[in-house]
Every structure is written in C-alpha cells, then in structure tokens.
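Presented below is the structure to which this report refers.
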Amino acid sequence: MGSILSRRIAGVEDIDIQANSAYRFPPKSGNYFASHFFMGGEKFDTPHPEGYLFGENMDLNFLGNRPVQFPYVTPAPHEPVKTLRSLVNIRKDSLRLVRYKEESDTPVEEGGKPKVQYGVEFTFDADARVAITLYCQAFEEFSNGMAVYSPKNPSLVSETVHYKRGVSQQFSMPFFKIDFSEWKEEDLNFDLDRGVFPMVIQAVVDEGDDCLGHAHVLLAAFERHVDGSFSIKPLKQKQIVDRVSYLLQEIYGIENKNNQETKPSDDENSDNSNECVVCLSDLRDTLILPCRHLCLCNSCADTLRYQANNCPICRLPFRALLQIRAVRKKPGALSPVSFSPVLAQTMDHDEHSVREAVRDQPRPHRRKPPIYHLTFKLCLCYCKKTLT
1 MGSILSRRIA
11 GVEDIDIQAN
21 SAYRFPPKSG
31 NYFASHFFMG
41 GEKFDTPHPE
51 GYLFGENMDL
61 NFLGNRPVQF
71 PYVTPAPHEP
81 VKTLRSLVNI
91 RKDSLRLVRY
101 KEESDTPVEE
111 GGKPKVQYGV
121 EFTFDADARV
131 AITLYCQAFE
141 EFSNGMAVYS
151 PKNPSLVSET
161 VHYKRGVSQQ
171 FSMPFFKIDF
181 SEWKEEDLNF
191 DLDRGVFPMV
201 IQAVVDEGDD
211 CLGHAHVLLA
221 AFERHVDGSF
231 SIKPLKQKQI
241 VDRVSYLLQE
251 IYGIENKNNQ
261 ETKPSDDENS
271 DNSNECVVCL
281 SDLRDTLILP
291 CRHLCLCNSC
301 ADTLRYQANN
311 CPICRLPFRA
321 LLQIRAVRKK
331 PGALSPVSFS
341 PVLAQTMDHD
351 EHSVREAVRD
361 QPRPHRRKPP
371 IYHLTFKLCL
381 CYCKKTLT
C-alpha cells in the first residue's frame, strides 16, 4: 500500500496487462496488497489483508492497471513527508448538465419532437494555465504516466479549451452537445468489465516544462429520470502529479467557512460546530479510517482505541486514526497548493499537517489500531504504484 510518500523502487515489474489482472480488484489470483506498506517514512505491517485504508476496495480500480515508478527519492529522517503541488481542481459539486432550448433547425425525432441536447458546465480553480477536454464513452490508458482517453466515436470528444490561472472559473462549451437519444442504456453508467467511462473531464496543466505530468481528471456517469430528463453524477476524481495518479477522497466533517459572518442557525440541534462528538469541548482533529469521519479530538481518539473499534458516527469498525493539525493562512495571491472537492469553495487555503503520534504501551487483552502520520494539503490521496 502506498501514500503520497513512498520509497523509490529500483525497478518496476514489466507485466502484460492483457494476460495479467493483478492490478484489478479483486484479482483473479494472488493478493492485491503486499504484507506491508510505507507511510510517512515508516514501515507498517498490513493488519487487515486486502484492506484499503482510505476507502472502499473497489475504488482502487479507478487508478489504472499498470504500475508506475514513484518519482521521489527517499526523504531525509528530519523531513519524513513531502507536499505535492496540485495546480488544478474541478469542483465536483458544481458539475451539471444544461438543457439547451429547442431551435427551429434542431433535428427532430421520429415522433416529430425536437431532439433534446445537453451541455456540460462546472466551476474550477487553477494555479496555472490549463487545457480542458471532454470525452464521452471513453477508454482509459496510461502512457508515460499520463492518462490518455480514447472515445468510441471521434464525435464524442470536444475541442480543447485553454484557460488562464484563476479561481472560481466557469467552464461552458455550448458547441459540444450530448444527444442521449443516440446512447444505449448501458452507456450511461460505468461498468468495470467494459472499462468505458460515460464522461471524462480532463484538465491538463499547460505551463511549460516545469509542470509536465500535472493534470486533474473527473470521471462521471449519467442518470435518466422518470420524466425523461438526464443528470450527471461524479464518480471519482484523480490528481496526476509528476506523472503519478492519486485518488481524491473526501473528509467528512470539515466545513467550508468564509471570512464573512454567518447568521446563527435557528435550529439549536443543528451540528455546525467543530467540537469533538464525544466530549463536546475540544476541537476535533482526528480522522477515522477507512470511513474518513473527522469527528474526534486527540484525547477521545486515544481513549477510543482501548474501549471500542467503531466509529461514533457510522458505527463501522475502523482500522486506523489520522491526527490532523490545521493552520489557516491569510487570503492572498494564488499559491501552488492542492484543492479538495470538499474545501475548494473558498479562497482561504487550509494547510493540514499531521504530527507524529507515539504509540503507547499496549494494554492487556486490547489491540489498538495504529496511528499514522503524514502531511497533506486539503486532500487525502492514495497511490497504487509500488511493488514490494
């Protein structure tokens, strides 16, 4: 298992993807994970075989099926973590379909009704110039660490549109329209066996040689409603940094807060605070894995390790705790930081750093989930890349 930090592997196994499905979950034979993994410069044994620490196991299939070499050298002992530059982010909550008005020259169906066509719009942030392309019904391949998408039909790919750096930019392409009357029902959703993504939005950083290998990819599917209309729903987001793909995962419990004063809620029972859900006094700073609920303070999390192994929010068993210390920066000029699909709604950038936790002596008859540490900015990333 890997993370945003990993040791450099001397070589990468050369495998035949058509003949070997070791990088699909579940694998046809053998194990997907090794017996140990590296995080924050330390080696950890895998306590739960075939267990993805940061989400559902099936999410791993969005990372691609070919291993890549990790481009970073082993960090120094006094600096065990490294922050990655994430230069572009698509706000997935802003993704929507726009139904175009019927025009006199619009093609008509057999019943005489004009065909309804849809366009795609969304909001994105960029710390560099980007080139955005839309793909429909596309296959994914990786070439030299970069994702390459090939649609079934050349008409299902849009022109590439270039944007300058900036926040809260609006993407709209009225001349690229989707006619769902020409789509089969199976084309609306993603099927792992077919390997065809209904919609791919690829934003490639176009800033020169210094930013080669940086991109943001949003994978989406479509949904047909009973009234015949359609909507778009995001599946996953991937951040490609230095030609290495990372999955973006949401952290549940971090709120978007502006500098403007907010009106108090009329509902006294509404949970708009940042206090720990157990003691209701200290600030919550500990993330529960793999459910990713940020709901505990450091003290309560340490106590929970001895008393119960269930998340107090969803009641599911947890396997690890991740302690976070957040520092808010003053708003200013754009800086090369990562964006999160949860947090990117404001211009304030939160820099999260995690302090190393020292394991206490184990108490009798109680096995404690390990506490890991790593440094990240606004997103928790996972990378499947190393062979151990």
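Take the sequence shown: its position 293, counted from the start at 1, is 293 in our numbering, and no numbers get skipped. Just so you know, even glycine gets a beta-carbon here, dropped at the ideal spot from N, CA and C. Fair warning: this is a prediction, and the values are worked out from it, not measured in the lab.
Rounded to a whole number of angstroms, what is the C-alpha to C-alpha distance between residue 35 and residue 27?
16 Å
In the DSSP output, which residue or residues are listed as bridge partners for residue 126?
88, 166
Report, in whole angstroms, the separation of the C-beta atoms of residue 223 and residue 247, which I expect to be a contact under 8 Å.
Not quite, the Cβ-Cβ distance comes to about 22 Å (not below 8 Å), so this is no contact.
Give the straight-line distance between the Cα atoms of residue 46 and residue 121, rounded to the nearest whole angstrom.
42 Å
Using only alpha-carbon positions, find the residue among 219, 130, 98 that is nearest to residue 192.
219
For a minimum of 3 consecutive residues, which ranges assigned as the beta strand (DSSP E) are wholly contained in the segment 171-242?
196-205, 215-224, 230-241
Taking all protein chains shown into account, do 16 or more other C-beta atoms lie within 10 angstroms of the C-beta of residue 199, making it buried, or fewer, making it exposed?
Buried, by the Cβ-count rule.
Closer than 7 Å by C-beta to residue 235: which residues in its own chain qualify, once you throw out the five before and the five after it? Chain order, please.
For residue 235, where only same-chain residues beyond five positions count, the Cβ hits under 7 Å are 190, 219, 220, 221.
Is it buried or exposed for residue 145, if we count other Cβ within 10 angstroms and need 16 for buried?
buried
Taking all protein chains shown into account, do 16 or more other C-beta atoms lie within 10 angstroms of the C-beta of residue 140, making it buried, or fewer, making it exposed?
buried
Where does residue 355 fall in DSSP's three states?
Low per-residue confidence applies at residue 355: pLDDT is 32, beneath 50, and the placement is therefore not dependable enough to give any value.
With a threshold of 16 other CB atoms inside 10 Å of the CB of residue 158, please say whether the residue is buried or exposed.
buried
Please work out which residues of its chain come closer than 6 Å, Cβ to Cβ, to residue 288, disregarding the five sequence neighbours upstream and downstream, and give them in chain order.
311, 318
Let me confirm a value: residue 358 is counted as buried when at least 16 other C-beta atoms fall within 10 Å, else exposed. Which label applies?
Residue placement at residue 358 cannot be trusted, given a pLDDT of 31 that sits under 50; what the coordinates show is reported in the next sentence. By the C-beta density criterion, residue 358 is exposed, having fewer than 16 other C-beta atoms within 10 angstroms.
Considering Cα atoms alone, identify which of 237, 278, 43, 306 is closest to residue 294.
278
Between which two residues does the alpha helix (DSSP H) holding residue 299 run?
298-307
May I ask you to list the residues that DSSP assigns as paired with residue 136?
199
For residue 168 and residue 125, I'd like the C-alpha separation in whole angstroms.
6 Å
What do you get for residue 174, buried or exposed, if any count of 16 or more other CB atoms within 10 angstroms of its CB means buried?
exposed
Might you give, ordered along the chain, the residues of its own chain that have their beta carbon closer than 6 Å to the beta carbon of residue 57, omitting 5 neighbours on each side?
25
Is the separation between the beta-carbon of residue 205 and that of residue 87 shorter than 8 Å?
yes
Quick check on DSSP: helix, strand or coil for residue 310?
Note: residue 310 maps to strand in three-state DSSP.
Going by the CB atoms, is the gap between residue 98 and residue 118 shorter than 8 Å?
Annotated as proximal: residue 118 and residue 98, with beta-carbon spacing under 8 Å.
Along the chain, where does the beta strand (DSSP E) that runs through residue 321 open and close?
320-323
Return helix, strand or coil for residue 64, following the three-state DSSP convention.
coil
Using the rule of at least 16 other Cβ atoms within 10 Å of the residue's Cβ for burial, across every protein chain shown, is residue 290 buried or exposed?
buried
Straight-line CA distance for residue 94 to residue 282?
33 Å
Between which residues of its own chain and residue 176 is the CB-CB distance below 8 Å, once the five residues before and five after are set aside?
119, 120, 134, 158, 159
Report the partner residues of residue 116 according to the DSSP bridge assignment.
DSSP lists no partner for residue 116.
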